[in-house]
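Visitor: All letters in the sequence shown, in the order written, are residues 19 to 228 by our numbering.
Heads up, the beta-carbon is just placed ideally off N, CA and C, and yes, glycines get one too.
Please read through the structure below; I'll follow up with questions.
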Amino acid sequence: MAMGHSLAIFVILVLSSIIPGYLTYNHSCPSVSSIQSKDVSENFNISKFEGIWYELAFHDYTQPGFCKCEQSYKKYNIEQRWLYDNFSLYCVNKTYMNNLGFNVSTGKVGYFLGHWPLSPNVIYPDTVVAIGYESPQNTSYRWVIEFQCIEELEKILFIGINFYHRLNHVPKDELSHMIDVAKQQGLEEYLETGFKINYVDHNNCTYPYN
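If you want it as structure tokens, here you go:
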């Protein structure tokens, strides 16, 4: 297991070393409290987090920029304390499924430990940074920003930032607002380093979940 973890970290290290900017941070991953909104830390409700989400934009070198139609279907199992995340994307005339999973037993609200089958020996700490609502009168979650950070020996190896929405097409000013919120929560440094924000194409998509 230790060798598997070391090998996985080595692969991430090699990938990050050939991608501009990913090893230029002079600090370790930020704490959950330093990037998470007060609303999330005090009011996050995982049942409202369930359901279908569309990824509108991301900053993540593990996701191919030429793919499209990214969708996430989240389902929480209260007995297992596990959040299932069936993530799909369309690449080169085929839809690919990724069965992600998150351990929610971390003792921190809106903070999970992610597991990805393609790198089973690496844990992806995932923070719910901020949430938007349908309206002041409707507390249903309309959009969410997630942040992942992996470090080794106090060195950042990987940053992932994901912008999800209940709709696959939204006005430009709403997505711009989401990005502004991410920056206000302290993510600007990461958004501006290495790969820039990739905006997902959701035209002519057929999704696994409706």
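Okay, do the segment 57-75 and the segment 112-121 touch, 3+ Cβ pairs below 8 Å being the bar?
Guide: Segments in contact, no.
Visitor: Are the beta-carbon atoms belonging to Y217 and Q89 less than 8 Å from one another?
Guide: As a working note, residue 217 is residue 199 in the sequence shown. As a working note, residue 89 is residue 71 in the sequence shown. Not closer than 8 Å, so no.
Visitor: Starting from F105, trace the beta strand (DSSP E) in both directions and tell me its first and last residue.
Guide: The sequence position of residue 105 within the sequence shown is 87, counting from 1. That run of the beta strand (DSSP E) goes 100-109.
Visitor: Hey, how far is the Cα of P143 from the Cα of D219?
Guide: On the sequence shown, position 125 is the one that residue 143 refers to. On the sequence shown, position 201 is the one that residue 219 refers to. Distance between the alpha carbons of P143 and D219: 27 Å.
Visitor: Give every residue of the same chain whose Cβ lies closer than 7 Å to the Cβ of L131, excluding the five residues on either side of it in the sequence, and list them in chain order.
Guide: For this step, residue 131 is matched to residue 113 along the sequence shown. The answer, listed in chain order, is F120, N121, T124, I141, P143.
Visitor: Quick check: the Cα distance between Y72 and C109, rounded to an integer number of angstroms?
Guide: For this step, residue 72 is matched to residue 54 along the sequence shown. For this step, residue 109 is matched to residue 91 along the sequence shown. If I take the Cα positions, the gap works out to 16 Å.
Visitor: For a quick check, are the C-beta atoms of I53 and L175 less than 8 Å apart?
Guide: Here the question's residue 53 lines up with position 35 in the sequence shown. Here the question's residue 175 lines up with position 157 in the sequence shown. Cβ atoms of I53 and L175: not closer than 8 Å.
Visitor: For T157, I'd like the list of residues in its chain whose CB is within less than 7 Å of its CB, leaving aside the five on either flank, ordered along the chain.
Guide: Residue numbering aside, residue 157 sits at position 139 when the sequence shown is read from its first letter. Here the set comprises Y151.
Visitor: With distances taken Cα to Cα, identify the nearest neighbour of V50 among F76, E210, C87, V127.
Guide: Taking the sequence shown and counting its residues from 1, one reaches residue 50 at position 32. Comparing Cα-Cα distances from V50 to each of F76, E210, C87, V127, the minimum goes to V127.
Visitor: Mapping DSSP to helix, strand and coil, what is Y43?
Guide: For the purposes of this step, residue 43 is taken as the residue at position 25 of the sequence shown. It is coil, neither helix nor strand.
Visitor: Helix, strand or coil for H195 per DSSP?
Guide: One-based indexing of the sequence shown puts residue 195 at position 177. In this structure, H195 counts as helix in the three-state DSSP scheme.
Visitor: What residue from H195, E210, Y208, E97 has the CA that sits closest to L74's CA?
Guide: The residue labelled residue 74 in the question sits at position 56 within the sequence shown. Out of H195, E210, Y208, E97, H195 has the C-alpha closest to the C-alpha of L74.
Visitor: P143 bridges to which residues according to DSSP?
Guide: As a working note, residue 143 is residue 125 in the sequence shown. Looking at the DSSP assignment, P143 forms a beta bridge with L131.
Visitor: State yes or no: is the C-beta of I179 within less than 8 Å of the C-beta of F165?
Guide: Residue mapping note: residue 179 aligns to position 161 of the sequence shown, counting from 1. Residue mapping note: residue 165 aligns to position 147 of the sequence shown, counting from 1. Their beta carbons are under 8 Å apart, which means I179 touches F165 by this criterion.
Visitor: Under a Cβ-count criterion, where at least 16 other Cβ atoms within 10 Å of its own Cβ denotes burial, should K201 be classed as buried or exposed?
Guide: Taking the first residue of the sequence shown as position 1, residue 201 is located at position 183. Exposed, since its Cβ has fewer than 16 Cβ neighbours within 10 Å.
Visitor: Can you list, in chain order, the residues of its chain with a C-beta nearer than 7 Å to that of H187? Leave out the 5 residues immediately preceding and following it.
Guide: If you number the sequence shown from 1, residue 187 lands on position 169. If we look at H187 and ignore the five residues flanking it on each side, its Cβ neighbours are H220.
Visitor: Going by DSSP, name the residue or residues bridged to V162.
Guide: The residue you call residue 162 lines up with position 144 of the sequence shown. The partner list for V162 (beta bridge, DSSP) reads I149, Y182.
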